[in-house]
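Input: a single structure, listed below in structure tokens.
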Amino acid sequence: MLAALIMTPLVLAGVLSAARSAEAGPALLFDAGNGNVLYAEDLDNQWHPASLTKIMTAYVVFKALKAGKITLETKITCSEAANLQPPSKVGLPVGAEMTVDLALQSLIVKSANDVAVMLAEAVGGSEAGFITEMNDTARRIGMSRTNFVNANGLPAPDQVTTARDLGKLARAISRDFPEYSHYWMAGDVRIGKIRLRSHNSLLKTFDGADGMKTGFICDSGFNVVASATRDGRRLMAVVLGEPTGHERSLRAASLLEHGFQNYDWKTLFNASTLETMPLAADAKSVITVRETVLAWECGARRRGRAVANAKRIKAKAAEIRAKAKAAKSGANGERAAKEATSAPATATSGGVSAGAAAKPAAASVAK
Numbered sequence: 081m082l083a084a085l086i087m088t089p090l091v092l093a094g095v096l097s098a099a100r101s102a103e104a105g106p107a108l109l110f111d112a113g114n115g116n117v118l119y120a121e122d123l124d125n126q127w128h129p130a131s132l133t134k135i136m137t138a139y140v141v142f143k144a145l146k147a148g149k150i151t152l153e154t155k156i157t158c159s160e161a162a163n164l165q166p167p168s169k170v171g172l173p174v175g176a177e178m179t180v181d182l183a184l185q186s187l188i189v190k191s192a193n194d195v196a197v198m199l200a201e202a203v204g205g206s207e208a209g210f211i212t213e214m215n216d217t218a219r220r221i222g223m224s225r226t227n228f229v230n231a232n233g234l235p236a237p238d239q240v241t242t243a244r245d246l247g248k249l250a251r252a253i254s255r256d257f258p259e260y261s262h263y264w265m266a267g268d269v270r271i272g273k274i275r276l277r278s279h280n281s282l283l284k285t286f287d288g289a290d291g292m293k294t295g296f297i298c299d300s301g302f303n304v305v306a307s308a309t310r311d312g313r314r315l316m317a318v319v320l321g322e323p324t325g326h327e328r329s330l331r332a333a334s335l336l337e338h339g340f341q342n343y344d345w346k347t348l349f350n351a352s353t354l355e356t357m358p359l360a361a362d363a364k365s366v367i368t369v370r371e372t373v374l375a376w377e378c379g380a381r382r383r384g385r386a387v388a389n390a391k392r393i394k395a396k397a398a399e400i401r402a403k404a405k406a407a408k409s410g411a412n413g414e415r416a417a418k419e420a421t422s423a424p425a426t427a428t429s430g431g432v433s434a435g436a437a438a439k440p441a442a443a444s445v446a447k
């Protein structure tokens with residue numbers, strides 16, 4: 081762990097207050113202006129990017145816009161391949177069209193997997209051609225431990241990246257295409273009468289937040305590249321592998337806040353940048369955090385626990401109902417006994433009163 085080699089009380093305090101869960105993955109904080117690293121933890125460990133892939137998808141589309149190959153008003157079509165993508169998606173039927181502008185909003189805000197394929201096919205001629213351009217771009221901007229195999233980040237064993245590489249990408253797309261920064265700031269998008277909201281809760285809850293993108297698949301956990309600007313200074317955080325969306329946002333917010341409050345962090349990393357900081361000697365290949373992610377769809381073990389919990393709850397409810405029924409029956413029996421005891425004596429042919437005869441019966445019910 082690179083951070084452990086240069087840990088100080090100040091950084092340690094920051095890490096402890098960053099609400100880091102035991103299962104958390106890599107984390108990175110840096111200055112977007114000069115690339116100086118303010119905090120780094122496992123920044124070269126490979127990780128599944130999930131929908132953070134769409135930052136690169138947007139980069140390639142922005143490049144096509146800048147080159148004049150397409151415009152924001154260009155209409156793109158939903159193919160069968162796009163239509164078959166699983167959620168998150170807009171859900172357009174085959175043959176439906178949307179503008180590149182609306183497609184970019186849907187890609188970034190809604191994280192629409194179908195729209196990612198639509199854009200890839202429109203810009204690259206095919207998704208395969210677009211992916212080649214994604215990987216060429218990754219090499220060009222120095223993402224040395226990244227590989228893309230699809231345009232939307234859906235599960236694929238060979239779709240990998242690192243916190244450092246995502247930091248390089250976030251910095252590059254902000255630097256190269258400032259004219260499109262409004263897409264990363266949007267909290268929602270309207271498609272017809274439907275309003276779709278961003279998964280990036282920091283846009284509403286963190287002072288100065290201005291982007292960028294969240295991502296989640298079971299194998300990656302909850303990821304985010306987050307940015308914020310205060311007093312002209314922009315910081316970016318990369319958080320990977322958190323077990324819940326809330327913890328993802330909390331850790332990113334904590335890192336950003338400490339970055340704004342503790343300006344001397346940069347001296348602890350010897351003014352290293354994303355480019356100059358040495359590759360971690362203990363950098364690991366990609367792993368899965370499926371079993372620690374708190375999401376219903378992730379992990380057979382977790383589903384098994386959920387089913388077992390449901391059975392226990394059902395059994396407990398049945399037990400409570402049975403006790404309530406027994407208590408009700410007991411109360412009815414006691415009332416019957418009291419009524420029988422208070423009844424007036426009536427002579428019988430055997431010389432025994434009805435009230436006296438009822439006492440043993442009442443006692444047996446209450447027993």
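The opening residue of the sequence shown carries number 81 in the working numbering; numbering runs sequentially from there. For glycine and all other residues, C-beta sits at the position ideal for the given N, C-alpha and C.
Kindly indicate the opening and closing residues of the alpha helix (DSSP H) around Phe142.
Per DSSP, the continuous alpha helix (DSSP H) segment holding Phe142 begins and ends at Thr133 to Lys146.
Over what stretch of residues does the alpha helix (DSSP H) that includes Lys190 continue unbroken?
No alpha helix (DSSP H) holds Lys190; DSSP gives it neither H nor E.
Starting from the C-beta of Ala107, find all residues in its chain whose C-beta is less than 6 Å away, skip the five residues before and the five after it, and write them out in chain order.
Glu121 and Val319
Taking the straight line between their C-alpha atoms, what separation do you get for Asn232 and Ala196?
6 Å
Could you tell me the alpha carbon to alpha carbon distance between Thr356 and Ser224, rounded to whole angstroms?
Their backbone Cα atoms lie some 13 Å apart in a straight line.
Verify whether the separation of the beta carbon atoms of Ala332 and Val304 is less than 7 Å.
yes
Identify, in the order they occur along the chain, each residue of the same chain with its Cβ nearer than 6 Å to the Cβ of Ala218, setting aside the five sequence neighbours on each side.
Thr226
Looking only at its chain, what residues have a beta carbon closer than 6 Å to the beta carbon of Gly288, apart from the 5 residues adjacent to it on each side?
Counting only residues of its own chain and dropping the five nearest sequence neighbours on each side, Gly288 has a CB closer than 6 Å to the CB of Ala308, Thr309 and Arg310.
Rounded to a whole number of angstroms, what is the C-alpha to C-alpha distance between Ile156 and Ser261?
If I take the Cα positions, the gap works out to 22 Å.
Under the three-state reduction of DSSP, which class applies to Ser307: helix, strand or coil?
Three-state result, Ser307: strand.
Exposed or buried, what is Asp299 when buried is set at 16 or more other beta-carbons lying within 10 Å of its beta-carbon?
buried
Counting only the same chain and skipping the five closest in sequence on each side, list residues whose C-beta sits under 6 Å from that of Gly247.
Leu108, Phe110, Val318 and Leu354
For Thr324 versus Leu283, is the C-beta spacing smaller than 7 Å?
Not a contact, by the Cβ cut-off of 7 Å.
According to the neighbour-count rule (16 or more other Cβ atoms, all chains shown, within 10 Å of its Cβ), is Ile274 buried or exposed?
exposed
Per DSSP, what are the beta-bridge partners of Ala107 in this structure?
Paired residues: Glu121 and Val319.
Between the alpha carbons of Asp238 and Arg313, how many angstroms are there, rounded?
36 Å
Less than 7 Å between the C-beta atoms of Val170 and Ala266, yes or no?
no
Please give me, in chain order, every unbroken run of the beta strand (DSSP E) with length at least 3 that falls completely inside the region 218-293.
268-271 and 274-277
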